[in-house]
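Peer 1:
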Amino acid sequence: MGPDISPSTGPVAPDAVPWRSRYRRKVAVVDLVALLAAATGAWLLRFESGLGGEVDALRGAAGVSHLVLSVVIALLWWLVLAWIQSRDLIVVGRSLDELRAIARATAVMVGLLGSAALLFAVTPSRGYLAGVFGLGVPLLLLGRGLLRRGLQRQRQRGRSQARVLVIGTLRSARRVARTFRTDPVQGYQVTGVWTPDSAADEESLLTLPTDEPRPWIPVLGSTHEVLEAVAVAAADTVIVTDSEQLGPDGLSSLAWSLESLGVDLLVSPNVVGVAPPRISIRDISNVPYVHIESPRSKAAAGLRKLSLGRVLSAVALVGLSPLLAGIALGVRLSGPGPVLERHRRVGAGGTPYSLHQFRITRPGASSMGRPEALDVTDDPRLTRFGAFLRRYGLDELPQLFNVLRGEMSLIGPRPLSPEQYASIPQAHAQRRLLVRPGVMGVWRTTGETVPTVEEMTRLDLEYVDNWSLTSDLGIGLLLARRLVSRFFLLRVVRRWQARLLAGSPDSAVRLRLDARGEVRLNDYPLFTGSLVALLEKVEDLLALRRPTLMVTTNVDQILDLERQAKTVDVYDAADVIVLDGMPVVQLARMLGADDVHRHTGADLLPLLAAESVARRWRIAVMGGADDVAQRAVAALRTAHPGTTIDAVDFPLLDGLEDPASLKVIEDLRVLDPDIVFVCLGAPKQELWYLQWRELLPPALYIGAGAAVDFAAQQVTRAPVVLQRLGLEWTWRLAQEPRRLAGRYLAKGPRFLWVIGRSLLRRDGAQQDYRG
């Protein structure tokens, strides 16, 4: 009896694929953090560091500082990135597409700022703008790159992949499935096949030559509708490899049906080995045709590439001459034998030439061949110095002389010996002979030896047919980045990663998921439930009939938790900790927590006041400036008739031990409240509770910060859009820049360490839960 392929779910909409929405949120948050860091960093460097020597004032806009402009630029840039669809799934996770999108957004931003400056006659500091863009683009690329590497690691483990239904012949479906399985980083996994052939229903399964646990794919034929196949495959993407089988109007009808389901549609033109620059779409008589340009082998062997290669190789030889001399000396001292080795290779047009390389093997080992992979360092044939040269590809520097003589190119097909050429099909060999071999090539960017002659030949022919200066530049940059990261960045990354992960759980604060998938701040459980669940929690705490404490945690408190022992005492005493800061909520979601809700003190005060009417709660409010608590209570009574809420006068204390607090406690005993909002500002409000907890009457005490100011309309809350995006702090900063600049601009960026530590250091329990 075969495997059960009956549909267990219907067609999958994007919201039913958690990784998609979760990854979009990650990209949006990282983009925003990068842009805010770039804008505020440029402001700090230009106007606050003493290096710029300018006054922080916009010419043409009296009273407006560049700090306000920083927030505006960051938000506008962030919105432009969304407008050009840079966070769509067809873009994210693909380095070149993301680079183009960021470049487009940057160009749009330059145009918008220039137009705004002319329209409103405002002239920002040029040095400041240079700093914004000079920091913004690299930080955006860095953030996208880190997210992309994380996504690729997930996909290599079989996660975060689009589920694909292939519409076409079984042969094409098998090819697509095999391609995706051998390259999981692309993020696609074939989970079903639909073909109009009725005989396919008898086969029911498409098997693949693989050792995976499920080497089969469900196949449905013409007795089933396409949408049934989408349901069976639980697909969120449909790939059509043979549109003719759908009929003249079938593709349009399919697109209309998939639109309502939120399923992506891709059409394959069945073109293999042709690079995108050679492909274009032409509309002829309202019918799209794929136009494929002629192969570019003549340009790859042209004078332009030869001349450029000779110039660059000459410059490199002059600049690297001290390094070449040092390597030659090291090779001489590493053992007997010549400094340079010469190998017979076949050049352009079949002309043989001698390829030069530094000797890296021990005496008598050269006849056994050379290791080609950069990662090979433990080969017993290598000298110790030769292993170092091979690891970084330095043994190939003498090939620059071959380039200078016109025998090779800097970028090109892999140099082959006459024996290797004899094993290649004649037609393929002739095309390879059209261009000069290269010092670097596609095979070098993979970081490993090409496993077979066939695969090597395919890579070389694709390079010859699709050559362009851009492709050469891309290959060179990829290899340079790989070598530099291997030599320098790997050590730097490990050092910073060690710093992020350093410290015990008591001193290094981070968020994590426990074995049940619940969010914890170090070992403190965080309440992430809905408002309904929170109200049940409040009832449970009130039933204890003793003083209990609710802490509304935010970025500021989390950073204090790492450095201040008093804040640790507060969290030790807390009966429930709810999420207040939106960055904390977003970090919990990035970790994979499901159904995370935010409950701010500013929201809890009016919400609990409204609930108190039906639940007969008595509420007390204290804190704030003179008469603010009274005005807040009056506003809440007006908004929620029937609520029992009172203000308690809170004097200006001379320290937490000030006996004036006894009068406050006496007033609380008289009111006998169920809930007390303590609005003194964190952590003062929680520390006051700890100081007088033994004398306080039974109630739930909530540290609510500025909630009383918002309720009294003393301070205006940020628009809902900014609140949901986690940008409420920018609104507060614009209202009180002098008081809050230190908290948000100096202290706030330290939260990036918490984010990095939380994402890098994950417990096995969390991995078991998510896996």
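Position one of the sequence shown corresponds to residue 285 (my numbering), numbered consecutively onward. Every residue, glycine too, gets a C-beta built ideally from N, C-alpha and C.
DSSP on Met-724, reduced to helix/strand/coil?
Peer 2: Strand, per DSSP.
Peer 1: Considering only their Cβ atoms, is the gap separating Ile-357 from Ala-385 smaller than 8 Å?
Peer 2: Taking 8 Å as the Cβ cut-off, Ala-385 and Ile-357 do not qualify as a contacting pair.
Peer 1: Counting beta carbon pairs with one atom in the stretch 846-860 and one in the stretch 930-942, are three or more of them shorter than 8 Å?
Peer 2: They do not touch, by the three-pair rule.
Peer 1: Just list the alpha helix (DSSP H) runs in the stretch 333-419, keeping only unbroken ones of 4 residues or longer that don't cross its boundaries, in chain order.
Peer 2: Listed in chain order, they are 350-367 and 379-404.
Peer 1: Taking only three categories from DSSP, how would you classify Gly-442?
Peer 2: Looking at Gly-442 - three-state DSSP - the assignment turns out to be coil, as it is neither helix nor strand.
Peer 1: As a quick exercise: from Gln-440, Asp-526 and Leu-828, pick the residue whose alpha carbon is nearest that of Lys-480.
Peer 2: Looking at the sequence provided, one finds Pro at residue 480 rather than Lys. Ranking the options by Cα distance to Pro-480, first place goes to Asp-526.
Peer 1: Using 10 angstroms around the beta-carbon of Ile-959, count the other beta-carbons present and answer buried if the total reaches 16, otherwise exposed.
Peer 2: Burial call: buried.
Peer 1: Use the C-beta contact count for Gln-997: other C-beta atoms within 10 angstroms, 16 or more gives buried, fewer gives exposed.
Peer 2: Exposed, by the Cβ-count rule.
Peer 1: Near Ser-1042, what residues of its chain come up, given a Cβ to Cβ distance below 7 Å and the 5 sequence neighbours on each side ignored?
Peer 2: The residues are Arg-794, Leu-795, Arg-796, Leu-871 and Leu-875.
Peer 1: Assuming Ile-576 contacts Ile-563 (C-beta within less than 8 Å), just tell me the rounded distance between them.
Peer 2: So it is a contact: roughly 6 Å between Cβ atoms.
Peer 1: Under three-state DSSP, which class holds Gly-476?
Peer 2: Strand.
Peer 1: Determine the direct distance from the alpha carbon of Val-869 to that of Ser-618, and round the result to whole angstroms.
Peer 2: Each residue's alpha carbon lies about 58 Å from the other.
Peer 1: Candidates Ser-370, Arg-698 and Gly-546: which alpha carbon is nearest Ala-632's?
Peer 2: Measuring from the Cα of Ala-632, the nearest candidate turns out to be Arg-698.
Peer 1: Give the straight-line distance between the Cα atoms of Trp-1015 and Ala-991, rounded to the nearest whole angstrom.
Peer 2: C-alpha separation (whole angstroms): 15 Å.
Peer 1: Return yes when the Cβ of Ala-513 is within less than 8 Å of the Cβ of Leu-449, no when it is not.
Peer 2: Cβ atoms of Leu-449 and Ala-513: closer than 8 Å.
Peer 1: Where DSSP assigns a beta bridge to His-640, which residues make up the other side?
Peer 2: His-640 pairs with Arg-626.
Peer 1: Compare the Cα-Cα distances from Leu-888 to each of Gly-908, Asp-878 and Val-962 and report the closest residue.
Peer 2: Leu-888 has its Cα closest to that of Val-962, out of Gly-908, Asp-878 and Val-962.
Peer 1: Taking three-plus beta-carbon pairs below 8 Å as touching, is the stretch 428-438 in contact with the stretch 451-461?
Peer 2: With a cut-off of 8 Å, the stretch 451-461 and the stretch 428-438 do not count as touching, because too few Cβ pairs lie within range.
Peer 1: Could you pull out every residue in the same chain whose Cβ sits closer than 8 Å to the Cβ of Leu-681, ignoring the five residues on either side in sequence?
Peer 2: Here the set comprises Leu-604, Leu-607, Leu-608, Ile-611 and Phe-642.
Peer 1: Rounded to the nearest angstrom, what separates Glu-703 and Leu-763 at their Cα positions?
Peer 2: In a straight line, the C-alpha of Glu-703 is about 28 Å away from that of Leu-763.
Peer 1: If distances are taken between C-alpha atoms only, which option among Arg-330, Ala-918 and Pro-622 comes closest to Gly-411?
Peer 2: It is Arg-330.
Peer 1: What's the gap between the Cα of Pro-298 and the Cα of Ser-541?
Peer 2: At Pro-298 the pLDDT is 39, less than 50, meaning the model places this residue with poor confidence; the figure from the coordinates comes in the next sentence. Answer to the nearest angstrom: the Cα atoms are 15 Å apart.
Peer 1: By Cβ distance below 7 Å, which residues in the same chain neighbour Val-897 in space, the five residues on each side in sequence not counted?
Peer 2: Counting only Cβ-Cβ distances below 7 Å, and skipping sequence neighbours, we find His-924, Gly-926 and Thr-927.
Peer 1: Pick out whichever of Glu-895, Thr-837, Ala-858 and Thr-466 has its Cα sitting closest to the Cα of Thr-884.
Peer 2: Comparing Cα-Cα distances from Thr-884 to each of Glu-895, Thr-837, Ala-858 and Thr-466, the minimum goes to Thr-837.
Peer 1: Can you name the start and end residues of the beta strand (DSSP E) that Tyr-676 belongs to?
Peer 2: No beta strand (DSSP E) holds Tyr-676; DSSP gives it neither H nor E.
Peer 1: Could you work out which residue in Thr-521, Arg-588 and Thr-453 is closest to Leu-530 when comparing CA atoms only?
Peer 2: When only C-alpha atoms are compared, the closest one is Thr-453.
Peer 1: Can you grab the Cα-Cα spacing for the pair Ile-708 / Tyr-637, in whole Å?
Peer 2: Answer to the nearest angstrom: the Cα atoms are 19 Å apart.
Peer 1: DSSP has Ser-693 in a bridge; who is on the other side?
Peer 2: According to DSSP, Ser-693 bridges with Gly-722.
Peer 1: Excluding the 5 residues flanking His-640 on each side, which residues of the same chain have their C-beta closer than 7 Å to its C-beta?
Peer 2: Leu-624, Arg-626, Pro-682, Gln-683, Phe-685 and Asn-686.
Peer 1: With a Cβ-Cβ cutoff of 8 Å, do Leu-688 and Ser-752 count as a contact?
Peer 2: Not closer than 8 Å, so no.
Peer 1: Taking only the alpha-carbon atoms, compute the straight-line gap between Leu-819 and Gly-801 and give it to the nearest angstrom.
Peer 2: Approximately 22 Å between the Cα atoms of the pair.
Peer 1: So, under 8 Å CB-CB, Arg-261 and Asp-956 are touching, yes? Tell me the CB distance rounded to an integer number of Å.
Peer 2: The structure shown does not extend to residue 261, since the chain is modelled only from 285 through 1055, so no value can be given for it.
Peer 1: Measuring alpha carbon to alpha carbon, tell me which residue in Asp-381, Gly-377 and Leu-423 is nearest Gln-264.
Peer 2: Residue 264 lies beyond the range of the chain shown here (285 to 1055); nothing can be said about it.
Peer 1: So Trp-500 is in the alpha helix (DSSP H); what residue range does that whole segment cover?
Peer 2: Counting along the chain, Trp-500 falls outside any alpha helix (DSSP H), though it belongs to the beta strand (DSSP E) covering 500-504.
Peer 1: From the DSSP output, in three-state form, read off Ile-759 for me.
Peer 2: Correct three-state label for Ile-759: helix.
Peer 1: Quick one, are the C-beta atoms of Ile-368 and Arg-388 less than 8 Å apart?
Peer 2: Taking 8 Å as the Cβ cut-off, Ile-368 and Arg-388 qualify as a contacting pair.
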